[in-house]
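Residue numbers (this note's numbering): 216 to 435.
Dropping the structure here:
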């Protein structure tokens, strides 16, 4: 007789989960200005061979998809030297202020990069930027009920940020830009597509701004 049939695929809850493995050694092989590179040796199982993986030890980041009352989203254009391109992105930044609340960090980046404040915040989506080579975890917020930061309180942008340009675009047009291969920044691509999906129920299904973020390294 066949065993108990597996749970039908449609009924399963698909969810990433922690998977502790035996760590044999860890070494910082490069100390950078913003992030480090570490080399870990570990075992997949108690009897398995030792494996070594080098990866970027990253503090994590937050990004913000600002949406106005007309349902348009704000994109900002910024030069990115590693790829040698001007990319249309959304406001984002590192979680490099020790002890800073995640939402506070997102609000700081929104003010510094877009000269905006928001009265309504929701978690839009969480993701790992490149889990095969980096520990970077990113949380994207949907920010609404927007107001301008007063001129005298605005952040002075320098270096690449000094060239930032703003563009408000209808969400459907932003989705088309993603699907047509015209946008490449991961936070912008993920945030735009997540917002398009969340729009189906009027964003009612989104998590609150203070929802737990167990995937962030500081929470594990």
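Yeah, the Cβ is synthetic: ideal placement off N, Cα and C, and Gly gets one too.
{"Item": "Beta carbon of residue 327 nearer than 9 angstroms to that of residue 308", "Value": "yes"}
{"Item": "Any 3 or more C-beta pairs closer than 8 angstroms across the stretch 397 to 407 and the stretch 353 to 360", "Value": "yes"}
{"Item": "Residue nearest to residue 255 in terms of C-alpha spacing, selected from 247, 246, 266", "Value": "266"}
{"Item": "Presumed contact (8 angstroms Cβ cut-off) between residue 289 and residue 418, rounded CB distance", "Value": "Going by Cβ atoms, the distance from residue 289 to residue 418 rounds to 16 angstroms, so no, they are not a contact pair."}
{"Item": "One or two residues paired with residue 227 in a DSSP bridge", "Value": "DSSP output for residue 227 lists no bridge partner at all."}
{"Item": "Local conformation of residue 380 per DSSP, three classes", "Value": "strand"}
{"Item": "Limits of the unbroken alpha helix (DSSP H) element including residue 214", "Value": "The question about residue 214 has no answer here: the residues shown for the chain are numbered 216 through 435."}
{"Item": "Cβ shell of residue 292 (< 6 angstroms), same chain only, five flanking positions each side left out", "Value": "301, 303, 380"}
{"Item": "Length-filtered (3 minimum) beta strand (DSSP E) runs lying within the stretch 289 to 375", "Value": "300 to 304, 307 to 309, 331 to 343, 352 to 363"}
{"Item": "Exposure label - residue 407; buried when at least 16 CB within 10 Å", "Value": "buried"}
{"Item": "Three-state class that DSSP yields for residue 280 in the structure shown", "Value": "strand"}
{"Item": "Stretch pair the stretch 306 to 323 + the stretch 383 to 394: three plus CB contacts closer than 8 angstroms", "Value": "no"}
{"Item": "Whole-angstrom C-beta distance between residue 358 and residue 239, which should lie under 8 angstroms", "Value": "Contact flag wrong, Cβ pair sits at about 43 angstroms."}
{"Item": "Residue 432, DSSP secondary structure in three states", "Value": "helix"}
{"Item": "Sequence-distant residues of the same chain with beta carbon closer than 8 angstroms to residue 421, five excluded per side", "Value": "337, 338, 339, 357, 413"}
{"Item": "Cut-off 7 angstroms between Cβ atoms - residues of its own chain near residue 405, not counting five sequence neighbours on either side", "Value": "340, 342, 355"}
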